[in-house]
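Since the structure comes first, as structure tokens, the remarks are kept for the end.
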Amino acid sequence: MKRIITLLLAVMTAVSLVACGDKASATVDAAGLGKALAERVQFDTALSAIDAGDYLELPEKCEASAYMSDGSTVEEIFVVQCSDKTDASAVKVSMQSLLDSQKQEMERYKPEEVARLDNAIFATYGTCVVLCVTNDTDTANAVIKEFVG
Numbered sequence: 029m030k031r032i033i034t035l036l037l038a039v040m041t042a043v044s045l046v047a048c049g050d051k052a053s054a055t056v057d058a059a060g061l062g063k064a065l066a067e068r069v070q071f072d073t074a075l076s077a078i079d080a081g082d083y084l085e086l087p088e089k090c091e092a093s094a095y096m097s098d099g100s101t102v103e104e105i106f107v108v109q110c111s112d113k114t115d116a117s118a119v120k121v122s123m124q125s126l127l128d129s130q131k132q133e134m135e136r137y138k139p140e141e142v143a144r145l146d147n148a149i150f151a152t153y154g155t156c157v158v159l160c161v162t163n164d165t166d167t168a169n170a171v172i173k174e175f176v177g
């Protein structure tokens, strides 16, 4: 009888721990988040939808949404939902490489844009990697929070 009760308690504990899992591991709608950021966050120039694969090395089975300014600023949005954390880590490395090269370029040609890159939102939420380069980081963080919890 003690074994049955112990086993039952162990199963109930495991189920309750799974139910309390964090929302960061949930799948994020990359297209929805990218569009919401483009529409609700204030940018100094208009952003246009682009193919994220032209700028990032994207593993298979990743859903991506990306927007970029016309080139007069470094404002941009990249949202990539990956199938697992390994792919998310690879995307984050690719995004960091993009940021580093943009920073080097801006240091030479548009030094006033470097601060915007330094203050960019660049984070991983579970298996979703987000890069948002804007001065309106408060609004951007609020929009991201709506999608990632």
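Numbering follows our numbering, with no gaps: position 94 of the sequence shown is 122. Think of the CB as a built atom: it goes at the ideal place given N, C-alpha and C, for glycine as much as any other residue. Since the structure is predicted, the reported quantities are computational estimates derived from the model, not experimental observations.
Bounds of any beta strand (DSSP E) do not take in Thr165; it lies within the alpha helix (DSSP H) bounded by Thr165 to Val176. Under the Cβ criterion (8 Å, minimum of three pairs), the stretch 53-63 does not count as touching the stretch 81-89. Contact between Gln109 and Cys160 fails: their C-beta atoms lie close to 15 Å from each other, not under 8 Å. When secondary structure is reduced to three states using DSSP, Tyr83 falls in the coil class, being assigned neither helix nor strand.
Cβ neighbours of Phe175 within its own chain (closer than 8 Å, five residues either side excluded): Val56, Asp57, Gly60, Leu61 and Ala64.
When the five nearest sequence neighbours on each side are left out, the beta carbons in the same chain lying within less than 8 Å of the beta carbon of Glu104 are those of Leu75, Ala94, Tyr95, Met96, Ser97, Leu159, Cys160 and Val161, in order along the chain.
Straight-line spacing of the CA atoms in Gly177 and Ala77 works out to 25 Å.
Between Ile149 and Thr167 a beta carbon distance of about 11 Å is seen, past the 8 Å cut, so the two are scored as non-contacting.
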